[in-house]
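A quick write-up on the structure given underneath.
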Amino acid sequence: MKDYHLYNKNGLAFYVFRKSQGEWQLAFGVLADDIKEACIDALILRFDTDVPELFYHHEKRQVVEFRAKKYSLWHIYLNNAYVGSIQYYTFTKSSITTLKTMAY
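Numbering (the working numbering), first residue to last: 7 to 110.
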C-alpha cells in the first residue's frame with residue numbers, strides 16, 4: 007500500500023490518499039466531498055495505468071479497466087468487478103467479446 011501526499015498551496019496542510027483493495031480513499035486530512043472526489047479522480051487518471059475510462063453514472067464514479075492476461079486475452083472490470091473479456095485470435099485476426107449481463 008502506497009501513500010500519496012497532497013499539500014495545500016501554503017505548504018502547511020497536507021492530505022494523505024491511499025489505494026486499498028482497489029479503492030482510493032482519503033486516509034488523513036479533511037476535505038469537502040467535491041474536492042476529495044476531484045483529487046481521487048486525478049489520482050486514478052494519473053496512477054492507475056490500466057484505466058482507459060473514468061465517468062459518472064447516477065452521481066457514482068465508474069472506473070473501467072482492461073487487464074491483460076495470457077494469449078491475447080483481456081478482462082474488463084467495472085469498479086473492480088469482472089464484467090467480461092475480449093480475446094483476439096492472431097491466426098484468424100478476429101475477436102470474441104464476452105460480457106456479463108448487468109442490471110443498474
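For every residue, glycine included, the Cβ atom is placed at its ideal position computed from N, Cα and C.
Only a predicted model underlies this, so the values are computations on that prediction, with no experimental measurement involved.
I need the boundaries of the beta strand (DSSP E) containing K84, first residue and last residue. The sequence shown places Leu at residue 84, rather than the Lys named in the question. Taken as a continuous stretch (DSSP letters only), the beta strand (DSSP E) holding L84 covers L79 to L84.
Who does F72 pair with in a DSSP beta bridge? I82
Quick check: the Cα distance between K25 and K8, rounded to an integer number of angstroms? 7 angstroms
What would DSSP say about L32, mapped onto helix, strand or coil? strand
Which parts of the segment 13-67 are runs of the alpha helix (DSSP H), unbroken and 4 residues or longer, counting only runs that do not cross its ends? 39-53
Around the Cβ of V36, are there at least 16 other Cβ atoms within 10 angstroms (buried) or fewer (exposed)? exposed
Within 10 angstroms of the Cβ of F20, are there 16 or more other Cβ atoms? Answer buried if so, exposed if not. exposed
Relative to the alpha-carbon of V89, which residue among Y77, Y95 and V69 has its alpha-carbon at the smallest distance? V69
Which residues in the same chain have their Cβ closer than 7 angstroms to the Cβ of S91, if we skip the five residues on either side of it in sequence? L79, W80, H81, I82 and T104
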